[in-house]
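K.L.:
In this note's numbering, the protein residues as written are 15 to 442. First the structure, which I've put down as structure tokens, then a few questions once you've had a look.
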Amino acid sequence: MRERLLATFIFALLPSCFLALTVPSWSELETILPSCTVPQPPVIHYNAIDENELKGKLVLYRDEDGYCPYSQQVWLALEAKNLDYVTVLVPNGLAYCNNDEEDISMPKVIWPDGTIQSGPDSIPAMVEKMQTDFPSSDTIDFFPSVSASINVARSSITRRFDGVMPRNTVPSSLAPYLFRLPSNENKPRPKWDIFADEDGPYVPQRKVKVTLEEIEEILEEYNAGPFFVGNTISAADLFWLPILERFVAQLPLIFPDLQQPRDYELIDEWMAAMEEELPCYACRIRGCDSTWQKLLSGMLPELKESFEDQSSSSFDWKNTDVWKRYASTRPHVADGGPVQEVAAYIVRNRESILKQTSYMGDDEALREVCAFLANPQYDNVESVSKDAIEMLTLLKDDVLMVPRDIGLLPGKALRSICSSLQLKMVKS
15 MRERLLATFI FALLPSCFLA LTVPSWSELE TILPSCTVPQ PPVIHYNAID ENELKGKLVL
75 YRDEDGYCPY SQQVWLALEA KNLDYVTVLV PNGLAYCNND EEDISMPKVI WPDGTIQSGP
135 DSIPAMVEKM QTDFPSSDTI DFFPSVSASI NVARSSITRR FDGVMPRNTV PSSLAPYLFR
195 LPSNENKPRP KWDIFADEDG PYVPQRKVKV TLEEIEEILE EYNAGPFFVG NTISAADLFW
255 LPILERFVAQ LPLIFPDLQQ PRDYELIDEW MAAMEEELPC YACRIRGCDS TWQKLLSGML
315 PELKESFEDQ SSSSFDWKNT DVWKRYASTR PHVADGGPVQ EVAAYIVRNR ESILKQTSYM
375 GDDEALREVC AFLANPQYDN VESVSKDAIE MLTLLKDDVL MVPRDIGLLP GKALRSICSS
435 LQLKMVKS
């Protein structure tokens with residue numbers, strides 16, 4: 015905290031014209047952004063695994079782009095418990111292929127005791143073990159008792175989920191439960207394939223409508239709060255959320271006349287409450303609508319490419335309370351807010367970013383971007399050069415992806431600031 019106050023004080027002493035003329039060095043930026051020097055949770059690429067170094071550790075294998083909703087379910091659970099774990103990023107070609115080999119079936123968890131669980135069908139068991147091995151009262155209880163006869167959270171991630179999702183559909187990693195399983199073939203098709211036949215690829219709209227209505231009814235059962243079991247987040251919320259997040263983004267492209275998920279009162283209240291009450295979701299793990307829409311359009315180019323620039327989420331990236339709660343238990347996160355988190359991410363990953371942007375910008379422009387974002391007065395757009403604005407726009411459009419690199423709130427902050435800077439360029 016003292017370092018953060020010192021950095022704020024230093025910036026307060028510098029007039030905007032000086033900031034524009036004197037671009038800090040990388041080491042100076044690390045002083046301004048103390049979280050840059052705090053060790054990050056370990057992230058390893060699949061091709062660089064040293065199994066000896068992973069022994070005795072909690073390890074999550076997930077897809078490197080953060081597209082897979084099933085990996086996201088486990089990622090959410092680990093972050094909700096605020097556990098120390100190693101992330102192994104698996105190349106998309108392995109993560110999304112129809113491969114039943116245990117070593118690359120996503121998601122995969124290796125536990126400190128050596129237990130290995132993998133694949134979407136193992137997720138309920140993963141969450142059960144997580145609660146058993148890490149039952150701390152300071153974090154979420156995945157299976158709270160709200161009924162004497164049945165554990166609602168447990169039944170909601172097994173029997174109930176399968177009964178509510180549209181039947182005879184593909185649980186695709188890229189567009190879950192929106193495509194039909196084949197009905198005219200004798201041999202089974204790969205579990206995760208997308209296919210099209212004479213009836214078209216999509217699940218009938220009426221089935222989606224029934225699914226959304228049933229989810230609304232489930233959320234109505236325990237009216238003490240907005241969550242699946244009432245007034246507390248449980249494993250059920252973490253399990254259903256990634257699927258509904260993609261429904262919100264992808265259904266309007268396929269069924270524009272359908273009553274959309276967030277048009278349902280209780281579904282909308284539930285998703286808003288998850289963003290507010292589970293800081294790790296909005297701050298890091300949640301994706302944005304344009305990401306999920308582009309994935310769907312990539313599989314079906316005939317879809318109209320009218321993507322939401324940000325997200326159907328109305329959550330304000332300037333909501334300092336949620337960010338403070340998220341950063342308070344994570345020293346590696348910038349406590350100054352999502353804007354400073356973008357700057358910190360750039361400083362930590364500057365070498366790889368410069369390789370991606372070398373055709374258009376240089377080291378100085380990237381440092382100017384970081385200095386601008388790190389400054390508590392980042393809304394002073396008059397001090398920013400044209401080169402820095404172009405670099406920031408490039409980062410927004412082609413380099414920093416949600417949720418692969420940064421979370422929804424930093425992504426929204428980046429886009430908002432870019433809009434202000436681009437407006438400045440137009441006026442000048």
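All C-beta atoms in this analysis are idealised placements derived from N, C-alpha and C, irrespective of residue type, glycine included.
With DSSP collapsed to three states, give me the class of VAL398.
P.N.:
coil
K.L.:
Please look up how many angstroms separate the CB atoms of PRO275 and ILE268, rounded, as I've assumed it's under 8 angstroms.
P.N.:
13 angstroms between Cβ atoms; not a contact.
K.L.:
CB PRO215 to CB ARG181, shorter than 8 angstroms?
P.N.:
no
K.L.:
Based on Cα-Cα distance, which residue from ILE229, SER186, LEU272, ARG168 lies nearest to GLN219?
P.N.:
LEU272
K.L.:
So does the stretch 73-90 actually touch the stretch 117-129, counting three or more Cβ pairs closer than 8 angstroms?
P.N.:
yes
K.L.:
According to DSSP, is ARG76 part of a helix, a strand, or is it coil?
P.N.:
In the structure shown, ARG76 adopts extended strand secondary structure according to DSSP, grouped into three states.
K.L.:
In or out: PHE209 buried (at least 16 other Cβ within 10 Å) or exposed?
P.N.:
Residue placement at PHE209 is flagged as unreliable, the pLDDT there being 47, under the threshold of 50; the coordinate-derived value follows with that caveat. Residue environment analysis places PHE209 among the exposed positions, since fewer than 16 neighbouring C-beta atoms fall within 10 angstroms of its C-beta.
K.L.:
Can we say the stretch 344-351 touches the stretch 310-317, given the rule of at least three CB pairs closer than 8 angstroms?
P.N.:
These segments do not touch.
K.L.:
Terminal residues of the continuous alpha helix (DSSP H) containing VAL383?
P.N.:
377-388
K.L.:
CB TRP40 to CB ARG344, shorter than 8 angstroms?
P.N.:
With contacts defined as CB atoms closer than 8 angstroms, TRP40 and ARG344 fail to qualify as a contacting pair.
K.L.:
Measure the C-alpha to C-alpha separation of VAL52 and LEU387 and round it to an integer number of angstroms.
P.N.:
If you take the alpha carbons of VAL52 and LEU387, they lie about 19 angstroms apart.
K.L.:
In chain order, what residues of the same chain lie with their CB nearer than 6 angstroms to the CB of LYS95, ignoring the 5 residues before and after it?
P.N.:
PHE148, THR153
K.L.:
Specify, as a first and last residue, the run of the beta strand (DSSP E) that SER132 falls within.
P.N.:
130-132
K.L.:
Are at least three pairs of beta-carbons, each pair with one atom in the stretch 138-148 and one in the stretch 217-231, less than 8 angstroms apart?
P.N.:
no
K.L.:
Going by beta carbon distance, what residues of the same chain come within less than 7 angstroms of TYR75, once the five residues before and after it are set aside?
P.N.:
VAL102, VAL104, MET120, PRO121, LYS122
K.L.:
Since I believe LEU408 is in contact with THR371 (beta carbons under 8 angstroms), could you give me their beta-carbon distance rounded to a whole number of angstroms?
P.N.:
Contact holds; Cβ gap of about 6 angstroms.
K.L.:
Does the Cβ of ALA238 have 16 or more other Cβ atoms within 10 Å, making it buried, or fewer, making it exposed?
P.N.:
exposed
K.L.:
How is the alpha helix (DSSP H) around LYS338 delimited, first residue to last?
P.N.:
334-342
K.L.:
Going by Cα to Cα distance, which pick from THR305, SER49, ASP251, LEU265 is closest to MET285?
P.N.:
Checked all of THR305, SER49, ASP251, LEU265; the closest Cα to MET285 is ASP251.
K.L.:
Let me know if ILE431 comes out buried or exposed under the rule of 16 or more other beta-carbons within 10 Å of its beta-carbon.
P.N.:
buried
K.L.:
Judging by CA-CA distance, which residue of ALA287, GLY301, VAL243, PHE241 is the nearest neighbour of VAL262?
P.N.:
GLY301
K.L.:
Can the beta-carbon of LEU68 be found less than 8 angstroms from the beta-carbon of ILE130?
P.N.:
no
K.L.:
Taking the alpha-carbon of VAL356 as reference, which of TYR236, MET179, LYS426 has the nearest alpha-carbon?
P.N.:
LYS426
K.L.:
For GLY244 and VAL141, which I take to be in contact (beta-carbon distance under 8 angstroms), what is that distance rounded to the nearest angstrom?
P.N.:
With 8 angstroms as the limit, GLY244 and VAL141 do not qualify as a contact, their Cβ atoms being about 19 angstroms apart.
K.L.:
Quick check on PRO204: buried or exposed, where buried means 16 or more other Cβ atoms within 10 Å of its Cβ?
P.N.:
In this prediction, PRO204 scores a pLDDT of 41, lower than 50, which makes its location untrustworthy; the coordinate-derived value is nonetheless stated afterwards. PRO204 comes out exposed.
K.L.:
Tell me the start and end of each unbroken alpha helix (DSSP H) in the stretch 265-328 that is at least 4 residues and wholly inside, in chain order.
P.N.:
Fully enclosed alpha helix (DSSP H) runs of 4 or longer: 279-291, 303-313.
K.L.:
Output the distance between the C-alpha atoms of LEU90 and THR45, rounded to the nearest integer angstrom.
P.N.:
31 angstroms
K.L.:
Return the chain-ordered list of same chain residues with a C-beta closer than 6 angstroms to the C-beta of PRO240, the five sequence neighbours on each side being excluded.
P.N.:
GLU283, TRP284, ALA287
K.L.:
Using a Cβ-Cβ cutoff of less than 8 angstroms, which residues in the same chain neighbour LYS338 once the five nearest sequence positions on both sides are dropped?
P.N.:
ASP349
K.L.:
For the alpha helix (DSSP H) containing THR101, name the first residue and the last one.
P.N.:
Here THR101 belongs to no alpha helix (DSSP H); instead the beta strand (DSSP E) covers 100-104.
K.L.:
Would you say LEU428 and LEU414 are within 8 angstroms of each other, going by their C-beta atoms?
P.N.:
yes
K.L.:
Is SER248 closer than 8 angstroms to PHE175 when the C-beta atoms are compared?
P.N.:
No, Cβ-Cβ distance for PHE175 and SER248 is not below 8 angstroms.
K.L.:
Sort VAL398, ARG418, LEU406, HIS346 by Cα distance to LEU47 and report the nearest one.
P.N.:
HIS346
K.L.:
Give a yes or no on whether the C-beta atoms belonging to GLU378 and VAL37 are separated by under 8 angstroms.
P.N.:
yes
K.L.:
Got a sec, what are the start and stop residues for the beta strand (DSSP E) LYS122 sits in?
P.N.:
122-124
K.L.:
Would you give the residue range spanned by the alpha helix (DSSP H) that ILE232 belongs to?
P.N.:
219-235
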